[in-house]
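Let me begin by presenting the structure, written as structure tokens, before commenting on it.
Numbering (the working numbering), first residue to last: 494 to 755.
Here you go:
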């Protein structure tokens, strides 16, 4: 009897515990937030404050605005920038900067007849170890240049170095109105040239200088130059001797009357 009562009590206690557990979970758990509350919180987080707006945007002032230059002012600014870039290693007018050692002994003042005087150019060539420097004057009636200067470089690198250094010194000596020369044949291994205005500078390799022989052409003239007076090839002489010039031929006059005239 006692066992039957105990079993009945145990059966009744199990559903009670389940009911109490469900009851506890239902009324003790927090209420789920509503959709409108989430939106309000998000909107509150993204609302910028007055301080953040002030830090992000600045008040426009005329002092902070960029200056728009006209065409002439823009050109003047570009000239000034080029002058500052080329004169970075040059001594200032007041002598505040020291010259690099590579410019020792070089006259950096512009010449009277041109950017380079011929003596200054020869000095620059000698400082760069140019070989067999040749200089001759050109007659005024040719209206070409005042002097022809020819030098020899021992290698392609030496020729390129001489040309670039002469051009660099030219840029240091020139005025703003002087045009910077271009190195002609800068990729050639036999010949390079610079038009310095009053001087035409030619830099040859040893073999090319012997082949073209510009010294004879400009020093003694075409009358005594071997290249100009060397005999033509045999085939050319043969064609010239036996050629018939059409200019000497005259058309035959026909004595027959024209049919259209009848």
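Where a beta carbon is used, it is the ideal one built from N, C-alpha and C, also for glycine.
Taking residue 709 as the reference, give the member of 566, 642 and 667 with the closest Cα.
Position 216 of the chain shown, counted from the first residue, corresponds to residue 709. Nearest option by C-alpha distance: 642.
Under a Cβ-count criterion, where at least 16 other Cβ atoms within 10 Å of its own Cβ denotes burial, should residue 454 be classed as buried or exposed?
Lying before the first or after the last residue shown, residue 454 is absent from the chain, which here runs from 494 to 755.
Any chance the region 593-602 sits against the region 662-671, with 3 or more Cβ pairs inside 8 Å?
The region 593-602 vs the region 662-671: in contact.
On a CA-only basis, which of 696, 682 and 690 is nearest residue 670? Give me that one, please.
Taking the first residue of the chain shown as position 1, residue 670 is located at position 177. Cα-wise, what sits closest to residue 670 is 690.
Alpha carbon to alpha carbon, how far is residue 554 from residue 673? Give it in angstroms, no decimals.
Counted from its first residue, the chain shown places residue 673 at position 180. Counted from its first residue, the chain shown places residue 554 at position 61. Cα to Cα, the separation comes out at about 43 Å.
Excluding sequence positions up to five away, which residues of its chain have a Cβ less than 8 Å from the Cβ of residue 683?
The residue given as residue 683 occupies position 190 in the chain shown. So the qualifying residues of the chain are 697, 698, 700 and 701.
Could you tell me if residue 703 is buried or exposed, where buried requires 16 or more neighbouring beta carbons within 10 angstroms of its beta carbon?
Along the chain shown, one-based indexing puts residue 703 at 210. Result: exposed.
Applying the criterion that 16 or more other CB atoms from any shown protein chain within 10 Å of the CB defines a buried residue, is residue 563 buried or exposed?
On the chain shown, position 70 is the one that residue 563 refers to. The residue in question, residue 563, is exposed, as its Cβ has fewer than 16 Cβ neighbours within 10 Å.
State the start and end residues of the unbroken beta strand (DSSP E) segment that holds residue 694.
For the purposes of this step, residue 694 is taken as the residue at position 201 of the chain shown. That run of the beta strand (DSSP E) goes 692-697.
My output table needs one value for residue 647: the three-state DSSP class, helix, strand or coil.
Here residue 647 refers to the residue found at position 154 when the chain shown is read from its first residue. Coil.
Which term fits residue 714, buried or exposed, when burial requires 16 or more other beta carbons within 10 angstroms of its beta carbon?
Numbered from its first residue, the chain shown carries residue 714 at position 221. Exposed, since its Cβ has fewer than 16 Cβ neighbours within 10 Å.
Quick one: using the 10 Å Cβ neighbour count with 16 as the cut-off for buried, is residue 610 buried or exposed?
Within the chain shown, the letter at position 117 stands for residue 610. Classification for residue 610: buried.
Measure the alpha-carbon distance for residue 632 versus residue 707 and round it to whole angstroms.
Residue mapping note: residue 632 aligns to position 139 of the chain shown, counting from 1. Residue mapping note: residue 707 aligns to position 214 of the chain shown, counting from 1. Roughly 16 Å separates the two Cα atoms.
Under three-state DSSP, which class holds residue 659?
As a first step, residue 659 must be located in the chain shown, where it is residue number 166. Residue 659: helix per DSSP, three-state reduction.
DSSP puts residue 624 in a beta bridge; with which residues?
Residue 624 sits at position 131 when you count from the first residue of the chain shown. For residue 624, which the question treats as bridged, DSSP gives the partners 645.
Can you find the residues in the same chain that come closer than 6 Å, C-beta to C-beta, to residue 606, ignoring five residues on each side of it along the sequence?
Against the chain shown, residue 606 aligns to sequence position 113. So the qualifying residues of the chain are 691.
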